[in-house]
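*Asks:* Right, I'll just put the structure down here and ask away after.
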Amino acid sequence: MADISAAQVRAFRERTGLPLMDCKRALEATGGDEDAAIEQLRREGEKLAERRGDRETTFGRFGLCIGLDKSAGAIVELKCESAPVTQNGEFIQLANDMAGALAASGGVASVDELLALPSPSKPGQTLGDQRSELFNRIREVFN
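For reference, each letter of the sequence shown is one residue, going 203 to 345 in our numbering.
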């Protein structure tokens with residue numbers, strides 16, 4: 203097991219926004235390799251999301267987007283477990299990104315197709331990646 207300093211853990215936590223002890227455990231398990239630790243935390247988050255997937259999502263927010271030329275628009279409802287999350291800036295951004303990507307795409311046939319679209323605010327990520335990243339930080343189910 204690698205000797206991980208508090209400064210390394212703190213810097214990694216600032217980079218990921220994940221709980222401190224999760225960051226420490228992942229860094230120790232990967233010998234201090236931050237990229238491997240991020241991948242490990244992502245996999246753990248996916249497993250946690252699967253276990254919590256049946257939780258009731260009664261709160262939420264609408265994401266809205268109308269194209270500049272007003273030829274396309276979209277409304278997306280993104281639901282979560284608790285009211286405070288609906289005020290979270292990243293949750294609001296995700297809802298708006300989903301609506302923007304949907305409007306720009308010309309439409310999708312399923313949620314999986316929507317989540318496969320590129321994120322407007324996070325280059326190099328899909329909306330699904332953005333959703334998973336947010337779940338790892340907030341630890342609530344989004345539908």
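We put the CB at the ideal spot given by N, CA and C, even for glycine.
Starting from Ala276, follow the beta strand (DSSP E) in both directions and report where the run begins and ends.
*Replies:* 275–282 is the extent of the beta strand (DSSP E) around Ala276.
*Asks:* For Glu241 and Asp224, I'd like the C-alpha separation in whole angstroms.
*Replies:* Approximately 13 Å, taken between the alpha carbons.
*Asks:* Thr260 to Glu216, Cα distance in whole Å?
*Replies:* If I take the Cα positions, the gap works out to 30 Å.
*Asks:* Go to Leu220, then tell me how far its alpha helix (DSSP H) extends in each direction, as first and last residue.
*Replies:* Per DSSP, Leu220 belongs to no alpha helix (DSSP H) and is neither H nor E.
*Asks:* Measuring straight from C-alpha to C-alpha, what distance separates Gly262 and Asp205?
*Replies:* Rounded to whole angstroms, Gly262 to Asp205 spans 42 Å at the Cα level.
*Asks:* DSSP on Phe344, reduced to helix/strand/coil?
*Replies:* Reduced to three states, the DSSP call for Phe344 is coil.
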